[in-house]
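*Asks:*
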Amino acid sequence: MKTSVSIQCADFDLGEEYQRLRKLTLSVGAIVTFTGLVRDIESIAGAAGGRSLKALFLQHYPKMTERLLSEIIEQAQSRWSITGISVIHRVGRLLPNDQIVFVGVAAEHRDNAFSAAEFIMDYLKTRATLWKKAEWSDEAQWLGIKQSDLDAASRWDSDD
Amino acid sequence: MLELHFFGRLGDLSGEIDTSIDYGDFLSTPSAIVDWIALEHPALAKELLQPQVLVAVNRVVVDWNKAVVDGDEVAFLPPVTGG
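For the record, the sequence lines run as chains A and B.
Numbering-wise (the working numbering), the first sequence opens with residue 3 and increments by one.
Numbering-wise (the working numbering), the second sequence opens with residue 9 and increments by one.
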């Protein structure tokens, strides 16, 4: 089992991350990758919303975030048979459409890889010490946690 | 010495607070630290007491009555919004 966790300002290359997981061992039969992007939350509202997202500022608690992500990965390992996991989360000031988070899971079989990737994202969103501040055209505002994210994470709790 | 950290919106409210403070018995738990903060910064203390706010000592989430000792790092964590 090979794992890696990185909190970084720099962007990442999806292809490189994929190749790293692919080359772990010859027993890898499935790789699931997830990439999250900075989304202009209110752009869909169009004229009704009226304002646009200029940037997203990502803050984290150094060392605690890495430890929490490692714990989430350990939990994934104990639930599913996995060959490798890689998690990258960017911090600092990001612009709409920028890559913000990467989760890659390599496993022998796809069902384990799909489940572990979903589990890691759901727990990352609700447990890792990261905070988003939205810079709108007219104001800046720390974002609150979404109920849908809490619900998504809680479905894994009941499996314990 | 205690090192205090305020994350997310709590950081915006803690602008004037000295985040490196001399340790004293009156700061022996996270709850006591909030009581001390309330004396000078009631608006920040009110936010720290919101039920969703968690406290970490040396980067581990703990109970508000956990003992804090000289040299500890105490961080106040609003609900997280990563991903």
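Just so it is clear, CB atoms sit at the ideal spot from N, CA and C, and this is done for glycine as well.
Give a yes or no on whether the C-beta atoms belonging to E110 of chain A and V30 of chain A are separated by under 8 Å.
*Replies:* If you number the first sequence from 1, residue 110 of chain A lands on position 108. If you number the first sequence from 1, residue 30 of chain A lands on position 28. Yes, the pair counts as a contact, with Cβ atoms nearer than the cut-off.
*Asks:* Compute the Euclidean distance between the alpha carbons of S8 of chain A and L23 of chain A, then round it to the nearest angstrom.
*Replies:* Numbered from its first residue, the first sequence carries residue 8 of chain A at position 6. Numbered from its first residue, the first sequence carries residue 23 of chain A at position 21. S8 of chain A and L23 of chain A: Cα-Cα distance of roughly 15 Å.
*Asks:* What residues from the segment 14–28 of chain B come within 7 Å of chain A, judged by C-beta to C-beta, listed N to C?
*Replies:* Under the 7 Å Cβ criterion, the segment 14–28 of chain B contributes F15, G16, R17.
*Asks:* Go through its chain and collect everything with a Cβ distance to L70 of chain A's Cβ below 7 Å, but skip five positions before and after it.
*Replies:* Taking the first residue of the first sequence as position 1, residue 70 of chain A is located at position 68. So the qualifying residues of the chain are R129, A130, T131.
*Asks:* Using a cut-off of 8 Å between C-beta atoms, extract the partners of G146 of chain A located in chain B.
*Replies:* Within the first sequence, residue 146 of chain A is the residue found at index 144, counting from 1. The answer, in chain order, is P87, T89.
*Asks:* Taking the beta carbon of F14 of chain B as the centre, do at least 16 other beta carbons fall within 10 Å, making it buried, or is it exposed?
*Replies:* Taking the second sequence and counting its residues from 1, one reaches residue 14 of chain B at position 6. By the neighbour-count rule (16 or more Cβ atoms within 10 Å), F14 of chain B is buried.
*Asks:* Within 8 Å (strictly less), CB to CB, does G51 of chain B reach chain A?
*Replies:* The residue labelled residue 51 of chain B in the question sits at position 43 within the second sequence. Just to set this straight, residue 51 of chain B is Ala in the shown sequence, not Gly. No, A51 of chain B lies away from the interface with chain A (no Cβ there is under 8 Å from its Cβ).
*Asks:* Buried or exposed: which applies to D151 of chain A, given that a residue is buried once 16 or more other Cβ atoms fall within 10 Å of its Cβ?
*Replies:* Start at 1 with the first residue of the first sequence, and residue 151 of chain A comes out as number 149. Buried is the call here.
*Asks:* Could you tell me whether any Cβ in chain D is nearer than 8 Å to the Cβ of W158 of chain A?
*Replies:* As a matter of chain content, chain D is missing from the structure shown, whose protein chains are A and B.
*Asks:* Nearest-angstrom Cα distance between P64 of chain A and E76 of chain A?
*Replies:* Here residue 64 of chain A is taken as the residue at index 62 of the first sequence, counted from 1. Here residue 76 of chain A is taken as the residue at index 74 of the first sequence, counted from 1. Cα to Cα, the separation comes out at about 19 Å.
*Asks:* For D159 of chain A, which residues of its own chain have a beta-carbon under 7 Å away from its beta-carbon, when the five flanking residues on both sides are left out?
*Replies:* Taking the first residue of the first sequence as position 1, residue 159 of chain A is located at position 157. Closer than 7 Å at Cβ, skipping near neighbours: no residue.
*Asks:* Return the residue from the list B:D20, B:S28, B:L21, B:S22 that minimises the CA-CA distance to G79 of chain B.
*Replies:* On the second sequence, residue 79 of chain B is found 71 positions in, with the first residue counted as 1. For G79 of chain B, the nearest C-alpha among the options comes from B:S28.
*Asks:* Taking the alpha carbon of Y125 of chain A as the point to measure from, which residue in A:N99, A:A155, A:S139 has its own alpha carbon closest?
*Replies:* In the first sequence, the residue the question calls residue 125 of chain A occupies position 123. When only C-alpha atoms are compared, the closest one is A:A155.
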